[in-house]
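Read in full-length UniProt numbering, the sequence shown has 425 at position 425, and its numbers run on one by one without any break. Built from N, CA and C at the ideal position, the CB exists for glycine as well. All values derive from a computational prediction rather than experimental measurement. See below for the structure under consideration.
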Amino acid sequence: MLQELSIKNFAIIDELYLSIEKGLTVLTGETGAGKSIIIDAVNLLVGGRGSSEFVRHGEKKAEIEGLFILNDESHPCYNRANEFGIDIEEGMIILHRDISVSGKSVCRINGKLVTISILREIGSTLIDIHGQHEHQELMNETHHLRLLDQYGGKEIKTALDNYRVIYKQYEQIVSKLKGLSENEQQMAHRLDLIQFQLQEIQKANLQIDEDTILLEEKKKLMNFERLFDSLKTSYGALQGEQKGIDWIGLVMSQLETAAEIEPDFKPLLESVSNCFYILEDAASTIRNDLDSLEFNPERLNEIESRLNEINQLKRKYGGTLEDILEYSSKIEEEIETIINRESHIDKLQITLTQLEKDLYLEAKQLSDLRKKCSKKLINAIHKELKQLYMDKTVFEVKFLQSAEDYKNEGNLPFRKDGLDVVEFYISTNPGEPLKPLNKVASGGELSRMMLALKTIFSKHQGITSIIFDEVDTGVSGRVAQAIGEKIYQVSEHSQVLCISHLPQVAAMADTHLFIMKETIDGRTRTKVKTLELEEKINEVSRMIAGVEITDKAIEHAQELLQLAYAKKFT
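So, in structure tokens, the structure goes:
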């Protein structure tokens, strides 16, 4: 949910900080006080179109920042954030946007600079802003199939997962067939190229770790003089004029005499004796190494040449010898495939035909489940509409395409989600034909239709917050009461912020924010106040009566709040 919102230098807002609670938050106030400006700021925060006109007069930039809390690790925001390399720690995500007087925007998510399109992608998983005439997720027919699947729950998810397992195999085979069916001239050029590459690699006769061994030998040859001098000096110190070993032998001889007199010296004698024999072996080894040392400048040239050859192959085919050999195996297999292309195409075609049969069966099962689920959804929508006094409205889930339509056809248009194309249709008046949901234009009917849909889908969409911007325009009386109750039902599954002029909606609020304007030093600014119970009664009274608040209006407001309380907690 949206937990904290900070707005600076935005329109008539100089600085505003809101701590927003879960449940239903209603924003009320006089026309022009700045209610919609706050929603405009939130819209920009989640990737809406910006303009320099939003920057408060006399300031250089407007700043908007929002802290969102994600309580569910399966929230779609995690996947989107992961796609763009954005880390989400402890379920917190912070969106920040600056708009300068020049109209340029700077966007950040958890401190990372992002484009507006990425901000919009992430923002779409967090907030759904719905105004009276705006087309949001439910109004976009491309989302209807996914919403139907979400409503279907685990049963459809399992069927869809099974379908996608086979669809992934199907895509791979189609891709391979496409590659083998390319222009023959291009295929011939490709064959010539990789045959040359394979010949070049095989001719080099590479061995694993060969470069490492050669580098060690090169180092030894390049430092031959230093190595020879070190060994010669070492041998001389042990067996030369200084006779290091002879002196240690003398020590050993004297300690033998001492140990005969005093047994306590035997451990010391053993230590010196061990050192003597170890040094004798070392001297012998050094002598042999000196005898075997031979400087061969031709060998050094051979090593240099071989390393150059290996490095050239690395630049062409991989950073390591393992990479080169792996690439060699890969193109060797590709060469065999191209040479025997017709045979491979035939095998792949047989595999593809079988996959298409299996895929169709899975698509058919998925389609049948969706049709079964659509009937339940239609009943649920009609039930919601009845509560909103739209008894005559007809809602239908139309399958514009389904697996059944392709029963006897080849080359089926398999897609990631199956063969179905689904769109929501409605008719709001008896005798009128069903039309796509996004063609509905009547304000009051659209508001109720959207509320019915959102009441059902808010449980499945995963949207953190939903904002209703005066969606109750054009309704009154019992319909207004029904809308208030329905908005509250939506808030039980998603945090809801609602701008409203209806007292029936305000009475249902868990949190009531009053938006007002004040003038300080000749400048107008917006203020927000969280209303306590008495203040809430007065504000609902004002919404009922208008300018003059009467005792009757207060009594009516108290009654509305009591009814709302009873509705919420019974």
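By the three-class DSSP mapping on this structure, what secondary structure does residue i have?
{"i": "Met-390", "result": "coil"}
{"i": "Ser-234", "result": "helix"}
{"i": "Gln-3", "result": "strand"}
{"i": "Arg-523", "result": "strand"}
{"i": "Phe-395", "result": "strand"}
{"i": "Gly-249", "result": "helix"}
{"i": "Met-449", "result": "helix"}
{"i": "Met-92", "result": "strand"}
{"i": "Gln-401", "result": "strand"}
{"i": "Glu-134", "result": "Residue placement at Glu-134 cannot be trusted, given a pLDDT of 48 that sits under 50; the coordinates are not used to answer."}
{"i": "Ile-499", "result": "strand"}
{"i": "Asp-281", "result": "helix"}
{"i": "His-144", "result": "helix"}
{"i": "Pro-263", "result": "helix"}
{"i": "Ile-86", "result": "coil"}
{"i": "Phe-295", "result": "coil"}
{"i": "Gly-418", "result": "strand"}
{"i": "Ile-549", "result": "coil"}
{"i": "Arg-56", "result": "coil"}
{"i": "Ser-117", "result": "helix"}
{"i": "Arg-49", "result": "coil"}
Would you decide whether residue i is buried or exposed? Buried here means 16 or more other CB atoms lie within 10 Å of its CB.
{"i": "Lys-178", "result": "exposed"}
{"i": "Arg-370", "result": "buried"}
{"i": "Tyr-565", "result": "exposed"}
{"i": "Thr-25", "result": "buried"}
{"i": "Glu-486", "result": "Contrary to the premise, residue 486 reads as Lys rather than Glu in this sequence. Under this definition Lys-486 is a buried residue."}
{"i": "Glu-340", "result": "First, the amino acid is wrong: residue 340 is Asn here, not Glu. Exposed is the call here."}
{"i": "Ser-181", "result": "exposed"}
{"i": "Asp-521", "result": "exposed"}
{"i": "residue 572", "result": "In the structure as shown, the chain starts at 1 and stops at 570, and residue 572 therefore has no counterpart that could be examined."}
{"i": "Ala-363", "result": "buried"}
{"i": "Gly-477", "result": "exposed"}
{"i": "Phe-569", "result": "exposed"}
{"i": "Lys-454", "result": "buried"}
{"i": "Asn-43", "result": "buried"}
{"i": "Lys-529", "result": "exposed"}
{"i": "Phe-514", "result": "buried"}
Measuring alpha carbon to alpha carbon, tell me which residue in the options is nearest residue i.
{"i": "Glu-141", "options": "Thr-511, Lys-439, Ser-329 and Glu-404", "result": "Lys-439"}
{"i": "Ile-93", "options": "Glu-559, Gln-3 and Ser-51", "result": "Gln-3"}
{"i": "Gly-103", "options": "Phe-68, Leu-5 and Val-55", "result": "Val-55"}
{"i": "Tyr-235", "options": "Gln-195, Ala-188, Glu-322 and Arg-287", "result": "Arg-287"}
{"i": "residue 585", "options": "Glu-121, Leu-67, Glu-336 and Thr-428", "result": "Since the first and last residues shown for the chain are 1 and 570, residue 585 lies out of range."}
{"i": "Ser-51", "options": "Ile-99, Leu-67, Lys-22 and Lys-35", "result": "Ile-99"}
{"i": "Asp-72", "options": "Val-101, Met-1 and Gly-23", "result": "Met-1"}
{"i": "Leu-290", "options": "Leu-206, Phe-228 and Gln-312", "result": "Phe-228"}
{"i": "His-501", "options": "Asp-469, Ile-156, Val-528 and Trp-247", "result": "Asp-469"}
Which residues in the same chain have their Cβ closer than 8 angstroms to the Cβ of residue i, if we skip the five residues on either side of it in sequence?
{"i": "residue 571", "result": "Because the chain here runs from 1 to 570, residue 571 falls outside it and cannot be looked at."}
{"i": "Leu-300", "result": "Lys-218, Leu-221 and Met-222"}
{"i": "Lys-426", "result": "As written in the sequence, residue 426 is Ile, which differs from the Lys given in the question. These residues qualify, in order along the chain: Thr-393, Val-394, Phe-395, Glu-396, Leu-434, Lys-435, Leu-437, Val-440 and Met-449."}
Residues in its own chain within less than 7 angstroms of residue i by CB, not counting five upstream and five downstream?
{"i": "Ala-259", "result": "Phe-265, Lys-266 and Leu-269"}
{"i": "Arg-306", "result": "Leu-214"}
Note the first and the last residue of the continuous alpha helix (DSSP H) segment covering residue i.
{"i": "Arg-542", "result": "533-545"}
{"i": "Glu-217", "result": "210-222"}
{"i": "Gly-66", "result": "Careful: Gly-66 lies outside any alpha helix (DSSP H), inside the beta strand (DSSP E) at 61-69."}
{"i": "Ser-102", "result": "It is not in any alpha helix (DSSP H) - Ser-102 carries neither H nor E in the DSSP assignment."}
{"i": "Tyr-320", "result": "Residue identity check: residue 320 is Thr in the sequence provided, not Tyr. Unbroken run through Thr-320: none, as it is neither H nor E."}
{"i": "Tyr-167", "result": "154-180"}
{"i": "Phe-196", "result": "184-204"}
{"i": "Val-26", "result": "Val-26 -> not in any alpha helix (DSSP H); beta strand (DSSP E) instead, spanning 24-29."}
{"i": "Lys-486", "result": "477-491"}
Taking the beta strand (DSSP E) that residue i falls in, what are its first and last residues?
{"i": "Phe-468", "result": "465-469"}
{"i": "Leu-16", "result": "13-19"}
Which residues in the same chain as residue i place their Cβ atom closer than 6 angstroms to its Cβ, once the five residues preceding and following it in sequence are excluded?
{"i": "Lys-314", "result": "none"}
{"i": "Gly-318", "result": "Ile-324 and Tyr-327"}
{"i": "Tyr-17", "result": "Ser-6"}
{"i": "Leu-45", "result": "Ile-64, Gly-66, Leu-95 and Arg-97"}
{"i": "Val-421", "result": "Leu-400 and Gln-401"}
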